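Worksheet for the structure shown next.
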């Protein structure tokens, strides 16, 4: 077989695996991906050997994928601590150390990009900037800073309180000036903050429109935390780019608005489906288990009608949501009606679009970041192979997986003894 000329004469190395999922479809025949510094500079699907001077990392019977993207995490939250408001008393140094540790846990699971949707005092920006200097240790971090919330509202303890349209505009401007990657606003209450139930609206449609317009004028995307039907409707009417959770929870159950769902599919609203959690652990209260099962089935129908549904984790929200849990969400989607390829797209190509990073993330393509994940086996046949992480590159830098025990890599983070299911 004649050697193939390498696509870029200055490529530093190449990665080969039996298969490659490029973010859209699977390619077999031992394709080669050429990497120079932090970018992908060439792809050869012929199966031929490269020029002899090109170093090749041959992964054997593995599948190469784009690094995963978790669009909803809270690096500052310790999943084992239920009273999140205790974060008020933590020192900045303590929180930063925790955030760095949690960021590394995501990377070990093959998650090379995370979007932090709620920190205290913009500490995630400091972690983001320092992590960018050490790609082999941390994923790329996108930051929202403290989420905008009503006075005393959901996650008020993170420092983002703002009441009324004028205060909301100022809050958005302040975040843009600080350099956030996205804006998050709490359209409804949530489960971890007393005082506002998840189904209760904290802002009306006009207030949410003010937030969206202010963010968009500055070129920054905005996403809204929303559990209740009215809060979801107001967020969509207000023009936000995404809705997190999108649970359609009422005070006593769940009531999806299918006309609204159709409208979301029509306008292209991204839905952050926080469906990643550990399956093991303490049994849930029957009413909560039923409500979450109903939400899963709602997401399945939303997916069928064309809503842009992104699988994410809300990592840190509770014991069954440890940092790095995203692969469990992929498996969960597959068990509930998603084709394997669709489940994988939801955490790669679609997640990159939701984060406004489709020009460099979520795909194995020339010019994209060399964020790569290799897993033993073929997740297009068995999604559980996503737990079999064998190699990770972040921005072309290899990640040392020896820092995590083999059991954790095999079963996913958190082990089998973690109890409780966090919801925010």
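In the working numbering, the protein residues as written are 957 to 1380.
Ideal placement from N, C-alpha and C gives every residue a C-beta, glycine not left out.
None of the values given here were measured: they were computed from a predicted structure.
Margin query: Please return the same chain residues whose Cβ sits closer than 6 Å to the Cβ of residue 1272, not counting the five positions on each side in sequence.
Written below: Your numbering for residue 1272 matches position 316 in the chain shown. For residue 1272, where only same-chain residues beyond five positions count, the Cβ hits under 6 Å are 1030, 1033, 1035.
Note to self: Using the three-state DSSP reduction, which class does residue 1350 fall into: helix, strand or coil?
What the structure shows: As a position in the chain shown, residue 1350 is number 394, starting the count at 1. Correct three-state label for residue 1350: strand.
Note to self: Do residue 1230 and residue 1058 have their beta-carbon atoms positioned less than 7 Å apart in this structure?
What the structure shows: Counting from one through the chain shown, the residue named residue 1058 turns up at place 102. Counting from one through the chain shown, the residue named residue 1230 turns up at place 274. No.
Next item on the list: Pick out whichever of 980, 1283, 1193 has its Cα sitting closest to the Cα of residue 1025.
Entry: Working through the chain shown from its first residue, we reach residue 1025 at position 69. The residue with the shortest Cα to Cα distance from residue 1025 is 1283.
Margin query: Pull the bridge partners of residue 1142 from the DSSP assignment, please.
Written below: Working through the chain shown from its first residue, we reach residue 1142 at position 186. 1181.
Next item on the list: Answer with buried or exposed for residue 1241, where buried requires no fewer than 16 other C-beta atoms within 10 angstroms of its C-beta.
Entry: Numbered from 1 along the chain shown, position 285 holds the residue referred to as residue 1241. So residue 1241 counts as exposed.
Checklist line | Straight-line gap, residue 1303 to residue 1318 (C-alpha atoms, nearest Å) | finding: On the chain shown, position 347 is the one that residue 1303 refers to. On the chain shown, position 362 is the one that residue 1318 refers to. Residue 1303 and residue 1318 have their C-alpha atoms spaced approximately 8 Å apart.
Next item on the list: Would you list the residues sitting across from residue 1069 in a DSSP beta bridge?
Entry: On the chain shown, position 113 is the one that residue 1069 refers to. The partner list for residue 1069 (beta bridge, DSSP) reads 1025, 1096.
Margin query: If I measure Cβ to Cβ from residue 1182 and keep anything under 6 Å in the same chain, skipping five residues before and after, which residues do I get?
Written below: The residue given as residue 1182 occupies position 226 in the chain shown. Taken in chain order, the residues that qualify are 1143, 1144, 1188, 1191, 1199.
Item checked: Residues near residue 1068 in its chain [Cβ-Cβ closer than 6 Å; skip 5 each side] -> Walking along the chain shown from the start, residue 1068 turns up at place 112. 1023, 1095, 1327, 1350.
Item checked: Backbone secondary structure at residue 968 - three-state DSSP -> Locating residue 968 in the chain shown gives position 12, where the first residue counts as 1. The three-state reading of DSSP puts residue 968 in coil, since its state is none of H, G, I, E or B.
Checklist line | C-alpha gap between residue 1236 and residue 1335, whole angstroms | finding: Reading the chain shown from its first residue, position 280 is the one you call residue 1236. Reading the chain shown from its first residue, position 379 is the one you call residue 1335. Residue 1236 and residue 1335 have their C-alpha atoms some 21 Å from each other.
Check: For residue 1006, which of helix, strand or coil comes out of DSSP?
Finding: Locating residue 1006 in the chain shown gives position 50, counting from the first residue. Of the three classes helix, strand and coil, the one that applies to residue 1006 here is strand, per DSSP.
Next item on the list: Run through the stretch 1108-1174 for me and flag every whole beta strand (DSSP E) of 3 or more residues, listed as ranges in chain order.
Entry: 1139-1142
Next item on the list: Determine the contact status of residue 1331 and residue 1345, defining contact as a CB-CB distance below 7 Å.
Entry: Sequence index remark: in the chain shown, residue 1331 carries index 375 (1-based). Sequence index remark: in the chain shown, residue 1345 carries index 389 (1-based). Their beta carbons are under 7 Å apart, which means residue 1331 touches residue 1345 by this criterion.
Next item on the list: Could you say which of 1212, 1261, 1245 lies nearest to residue 1224 if we only look at CA atoms?
Entry: Here residue 1224 corresponds to residue number 268 of the chain shown, with the count starting at 1. Nearest option by C-alpha distance: 1261.
Margin query: Among the candidates 997, 995, 1014, whose CA atom is the shortest distance from the CA of residue 1004?
Written below: Mapped onto the chain shown, residue 1004 falls at position 48. Nearest neighbour of residue 1004 by Cα position, chosen from 997, 995, 1014, turns out to be 1014.
Notebook entry, point to check: Given residue 1118, which residues of its chain have a CB within under 6 Å of its CB, disregarding the five upstream and five downstream residues?
Noted result: By one-based count along the chain shown, residue 1118 stands at place 162. These residues qualify, in order along the chain: 1104, 1124, 1127.
Next item on the list: Report the residue from 1080, 1133, 1289 whose alpha carbon sits nearest the alpha carbon of residue 1049.
Entry: Taking the chain shown and counting its residues from 1, the one referred to as residue 1049 is at position 93. Of the candidates 1080, 1133, 1289, the one whose C-alpha sits nearest the C-alpha of residue 1049 is 1080.
Notebook entry, point to check: Who pairs with residue 1104 in a beta bridge, going by DSSP?
Noted result: One-based indexing of the chain shown puts residue 1104 at position 148. Beta-bridge pairing links residue 1104 to 1141.
Margin query: Quick check: what's the CA-CA separation for residue 1039 versus residue 1159?
Written below: Position 83 of the chain shown, counted from the first residue, corresponds to residue 1039. Position 203 of the chain shown, counted from the first residue, corresponds to residue 1159. For residue 1039 and residue 1159, the distance between alpha carbons rounds to 24 Å.
Next item on the list: Compute the Euclidean distance between the alpha carbons of residue 1214 and residue 1156, then round it to the nearest angstrom.
Entry: Position 258 of the chain shown, counted from the first residue, corresponds to residue 1214. Position 200 of the chain shown, counted from the first residue, corresponds to residue 1156. For residue 1214 and residue 1156, the distance between alpha carbons rounds to 20 Å.
Note to self: Just list the residues that DSSP pairs residue 1228 with in beta bridges.
What the structure shows: Numbered from its first residue, the chain shown carries residue 1228 at position 272. 1200, 1266, per the DSSP bridge assignment.
Check: Excluding sequence positions up to five away, which residues of its chain have a Cβ less than 8 Å from the Cβ of residue 1263?
Finding: Here residue 1263 refers to the residue found at position 307 when the chain shown is read from its first residue. Excluding positions up to five away in sequence, the list reads 1217, 1220, 1221, 1225, 1227.
Next item on the list: Would you identify the three-state DSSP class for residue 990, choosing helix, strand or coil?
Entry: Stepping through the chain shown from its first residue, residue 990 is reached at position 34. Here residue 990 sits in strand by DSSP.
Note to self: Under DSSP, the alpha helix (DSSP H) around residue 1318 begins and ends at which residues?
What the structure shows: Locating residue 1318 in the chain shown gives position 362, counting from the first residue. Neither: residue 1318 is in no alpha helix (DSSP H) and is coded neither H nor E.
Notebook entry, point to check: Per DSSP, what kind of secondary structure is residue 1234 in: helix, strand or coil?
Noted result: Here residue 1234 is taken as the residue at index 278 of the chain shown, counted from 1. Coil.
Next item on the list: Entirely within the stretch 1268-1341 and at least 4 residues each: give me those alpha helix (DSSP H) ranges in chain order.
Entry: 1282-1290, 1296-1302, 1305-1310
Notebook entry, point to check: Using the C-alpha atoms, what's the distance from residue 1061 back to residue 1280?
Noted result: For the purposes of this step, residue 1280 is taken as the residue at position 324 of the chain shown. For the purposes of this step, residue 1061 is taken as the residue at position 105 of the chain shown. Going from the Cα of residue 1280 to the Cα of residue 1061 covers about 5 Å.
Next item on the list: Measure the C-alpha to C-alpha separation of residue 1338 and residue 1296 and round it to an integer number of angstroms.
Entry: Position 382 of the chain shown, counted from the start, is the residue given in the question as residue 1338. Position 340 of the chain shown, counted from the start, is the residue given in the question as residue 1296. Computed Cα separation, rounded: 8 Å.
Note to self: Please report the straight-line C-alpha distance between residue 1294 and residue 1251, rounded to a whole angstrom.
What the structure shows: Locating residue 1294 in the chain shown gives position 338, counting from the first residue. Locating residue 1251 in the chain shown gives position 295, counting from the first residue. Computed Cα separation, rounded: 15 Å.
Notebook entry, point to check: Mapping DSSP to helix, strand and coil, what is residue 1257?
Noted result: Your numbering for residue 1257 matches position 301 in the chain shown. In the structure shown, residue 1257 sits in a helix (DSSP, three-state: H, G or I).
Notebook entry, point to check: Which partner residues does residue 998 have in the DSSP bridge list?
Noted result: For the purposes of this step, residue 998 is taken as residue 42 along the chain shown, with counting starting at 1. DSSP, once it has assigned bridges, lists 990 as partnering residue 998.
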